[in-house]
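Asker: Handing you a structure now.
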Amino acid sequence: MEKMHQQYYKDLYIIIKIEKSKQCFIADEIWKLFINKNSKFTHLKITSCNYDQIFLIPGAEHCFSELKFLEYDSRDNQKLLEWLAKISKSIKKFELLCEWNSEIKNLIEAQNNLNSIVLHKLDDKLDSYSLKILTKHNLISLHIKSCFNLNKHLSLPNLKFLTVESISTENLVIIIECTKGYLTEISINEFIGKNNRYIKSIYQNCPNLRYLKLPLIDDEVSELEILLTKCKCLVELFIIETYYGQNSLLGWDELLEILAKSSPTSLFKFKFYFTYELPILETFKLFLDNWKGRHPILLQTNIYDEDFLTLIKKYIDEGIVKSHNNIRVGLVYFEWIQEYNYNNGYIYTI
Numbered sequence: 335m336e337k338m339h340q341q342y343y344k345d346l347y348i349i350i351k352i353e354k355s356k357q358c359f360i361a362d363e364i365w366k367l368f369i370n371k372n373s374k375f376t377h378l379k380i381t382s383c384n385y386d387q388i389f390l391i392p393g394a395e396h397c398f399s400e401l402k403f404l405e406y407d408s409r410d411n412q413k414l415l416e417w418l419a420k421i422s423k424s425i426k427k428f429e430l431l432c433e434w435n436s437e438i439k440n441l442i443e444a445q446n447n448l449n450s451i452v453l454h455k456l457d458d459k460l461d462s463y464s465l466k467i468l469t470k471h472n473l474i475s476l477h478i479k480s481c482f483n484l485n486k487h488l489s490l491p492n493l494k495f496l497t498v499e500s501i502s503t504e505n506l507v508i509i510i511e512c513t514k515g516y517l518t519e520i521s522i523n524e525f526i527g528k529n530n531r532y533i534k535s536i537y538q539n540c541p542n543l544r545y546l547k548l549p550l551i552d553d554e555v556s557e558l559e560i561l562l563t564k565c566k567c568l569v570e571l572f573i574i575e576t577y578y579g580q581n582s583l584l585g586w587d588e589l590l591e592i593l594a595k596s597s598p599t600s601l602f603k604f605k606f607y608f609t610y611e612l613p614i615l616e617t618f619k620l621f622l623d624n625w626k627g628r629h630p631i632l633l634q635t636n637i638y639d640e641d642f643l644t645l646i647k648k649y650i651d652e653g654i655v656k657s658h659n660n661i662r663v664g665l666v667y668f669e670w671i672q673e674y675n676y677n678n679g680y681i682y683t684i
């Protein structure tokens with residue numbers, strides 16, 4: 335019986351391997367249908383299949399010479415990267431889902447108009463030379479999804495859109511301090527460590543900030559209050575209740591009082607994600623009462639409590655809240671500003 339199982343899994347493995355080879359063969363045949371001297375590709379996504387033979391197809395150089403967007407997730411297409419670095423200089427948006435390597439470095443260095451980068455898996459491979467390559471481009475949008483060690487050689491003077499996930503607060507501070515005041519949008523989905531200095535770095539370096547998403551604990555509320563008084567252009571605030579041990583649970587009641595008292599006149603879009611507990615109903619009511627006479631609130635929450643929903647409906651009827659809807663599970667985007675980014679030609683990566 336054991337031998338039968340071994341043979342079964344061996345046969346299954348062979349079938350899977352054959353199927354994978356067929357996938358790549360079929361992909362090659364499809365490429366041949368579309369690659370010719372009359373076609374131009376602006377978007378290219380490279381995954382695990384081997385694409386190294388693409389550049390041998392007649393007309394390939396013409397097809398890929400004006401790429402605008404490249405997504406790369408492969409360890410098996412080094413020759414293709416080398417070829418692209420020679421023939422394609424117009425990539426504006428680059429998304430890297432695999433590890434950084436020398437071929438990727440050369441491809442990025444070869445671009446003339448790169449302004450948006452998404453980096454998923456950097457680890458410790460972003461050396462000082464690689465940082466210089468990144469800083470030579472006038473990056474407008476940067477999205478980092480990995481924890482790695484940064485140094486202060488980084489320079490991002492034209493950066494407008496920043497998204498970070500799973501990086502340390504120290505690295506976040508370095509990135510923010512390497513900008514030159516043009517950041518309008520910051521989305522912090524997750525960070526490692528407890529250090530409220532990152533909030534201070536935001537209000538000291540981002541006078542034009544319009545959109546902010548951040549996980550928040552109780553110790554950081556006082557710094558957020560300062561941010562509200564410093565960032566006069568803030569339009570939308572997305573707060574995620576976070577917990578980092580004893581006595582760090584976010585105090586929503588105090589926070590709502592601060593929002594009513596210290597929010598700039600430009601701020602009217604709020605998104606609250608309650609992870610552990612809701613505020614006191616009366617405090618939430620007081621927050622809305624104190625908003626009377628200001629720009630009606632666009633509100634998104636994950637509230638399903640009937641008492642809260644009834645209260646919110648009351649303030650919608652009074653015109654204090656313009657609309658309320660629920661945050662969808664896993665949502666990380668600012669729905670209200672996606673059109674803004676697309677109209678300006680930027681891939682919305684936040």
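Per my numbering, residue 335 is the first one in the sequence shown, and the count goes up by one each step.
A virtual CB, placed ideally from N, CA and C, is assigned to each residue, including glycine.
Would you give the residue range spanned by the beta strand (DSSP E) that residue 427 belongs to?
Answerer: Segment 427-433, the beta strand (DSSP E) holding residue 427.
Asker: For residue 392, does the count of other Cβ atoms within 10 angstroms reach 16, so buried, or fall short, so exposed?
Answerer: When all chains shown are included, residue 392 counts as exposed.
Asker: Which word fits residue 477, buried or exposed, when buried means at least 16 other C-beta atoms lie within 10 angstroms of its C-beta?
Answerer: So residue 477 counts as buried.
Asker: Three-state secondary structure (DSSP) at residue 375?
Answerer: Note: residue 375 maps to coil in three-state DSSP.
Asker: Could you tell me which residues DSSP pairs with residue 605 in its beta bridges?
Answerer: According to DSSP, which records beta bridges pairwise, residue 605 is partnered with 572, 634.
Asker: Can you give me the C-alpha to C-alpha distance between residue 374 and residue 365, rounded to a whole angstrom?
Answerer: Spanning the two alpha carbons is a distance of roughly 13 Å.
Asker: Using a Cβ-Cβ cutoff of less than 6 Å, which residues in the same chain neighbour residue 540 once the five nearest sequence positions on both sides are dropped?
Answerer: The answer, listed in chain order, is 517.
Asker: Can you list, in chain order, the residues of its chain whose CB lies under 6 Å from that of residue 520, leaving out five sequence neighbours each side?
Answerer: 496, 546, listed in sequence order.
Asker: For the putative contact between residue 363 and residue 380, defined by C-beta atoms under 8 Å, what is the C-beta separation to the nearest angstrom?
Answerer: Actually they are not in contact, since the Cβ atoms of residue 363 and residue 380 sit about 17 Å apart, beyond 8 Å.
Asker: Relative to the C-alpha of residue 435, which candidate in 427, 542, 413 has its C-alpha closest?
Answerer: Cα-wise, what sits closest to residue 435 is 413.
Asker: For residue 608, I'd like the list of residues in its chain whose CB is within less than 8 Å of its CB, leaving aside the five on either flank, ordered along the chain.
Answerer: Cβ neighbours of residue 608 beyond the five flanking positions: 575, 586, 635, 636, 637.
Asker: For residue 432 and chain B, any beta-carbon pair shorter than 9 Å?
Answerer: The structure shown has no chain B; it contains just one protein chain.
Asker: What is the rounded straight-line gap between the Cα of residue 473 and the Cα of residue 490?
Answerer: Taking the straight line from one Cα to the other gives about 7 Å.
Asker: Please list, in chain order, all residues of the same chain as residue 530 whose beta carbon is under 7 Å from its beta carbon, the five residues on each side excluded.
Answerer: These residues qualify, in order along the chain: 553, 554, 557.
Asker: Tell whether a beta-carbon distance below 9 Å holds between residue 646 and residue 633.
Answerer: Result yes, Cβ atoms of residue 646 and residue 633 sit closer than 9 Å.
Asker: Residue 494: which of 644, 512, 659 sits nearest, CA to CA?
Answerer: Of the candidates 644, 512, 659, the one whose C-alpha sits nearest the C-alpha of residue 494 is 512.
Asker: Would you tell me roughly how many angstroms separate the C-alpha atoms of residue 440 and residue 409, rounded to the nearest one?
Answerer: Whole-angstrom Cα-Cα distance: 15 Å.
Asker: Pull the bridge partners of residue 520 from the DSSP assignment, please.
Answerer: In the DSSP output, where bridge partners are listed per residue, residue 520 has 496, 546.
Asker: For residue 452, which residues does DSSP report across the bridge?
Answerer: Answer by DSSP bridge pairing, in chain order: 429, 477.
Asker: When DSSP labels each residue in this structure, what does residue 626 get in the three-state scheme?
Answerer: DSSP places residue 626 in coil when its eight states are reduced to three.
Asker: Can you pull the DSSP bridge partners for residue 404?
Answerer: BP columns for residue 404 point to 378, 428.
Asker: How big is the Cα-Cα spacing for residue 619 and residue 653?
Answerer: Looking at the two C-alpha atoms, the distance is approximately 14 Å.
Asker: Leaving out five residues on either side along the sequence, give the residues of the same chain with a beta carbon under 7 Å from the beta carbon of residue 492.
Answerer: 472, 473, 474, 516, listed in sequence order.
Asker: Thinking just about the alpha-carbon of each residue, which of 550, 376, 480 is nearest to the one in residue 403?
Answerer: Looking at the Cα atoms, 376 is the closest of the given residues.
Asker: Among 589, 499, 598, which one has its Cα closest to the Cα of residue 543?
Answerer: Of the listed residues, the one whose Cα sits closest to residue 543 is 598.
Asker: Going by DSSP, what residue range makes up the beta strand (DSSP E) through residue 535?
Answerer: Taken as a continuous stretch (DSSP letters only), residue 535 belongs to no beta strand (DSSP E), being part of the alpha helix (DSSP H) at 531-539.
Asker: By alpha-carbon positions, which one of 536, 639, 626 ends up nearest to residue 650?
Answerer: Nearest option by C-alpha distance: 626.
Asker: If I'm right that residue 525 touches residue 498 with Cβ under 8 Å, what's the distance once you round it to whole angstroms?
Answerer: That belief holds up - the Cβ atoms of residue 525 and residue 498 are roughly 7 Å apart, short of 8 Å.
Asker: Excluding the five sequence neighbours on either side, which residues of its own chain have a C-beta within less than 6 Å of the C-beta of residue 396, listed in chain order?
Answerer: Within the same chain, residue 396 has close Cβ partners 371.
Asker: If we ignore side chains and look at the alpha-carbon of each, how far apart do residue 570 and residue 601 end up?
Answerer: Taking the straight line joining both Cα atoms gives about 6 Å.
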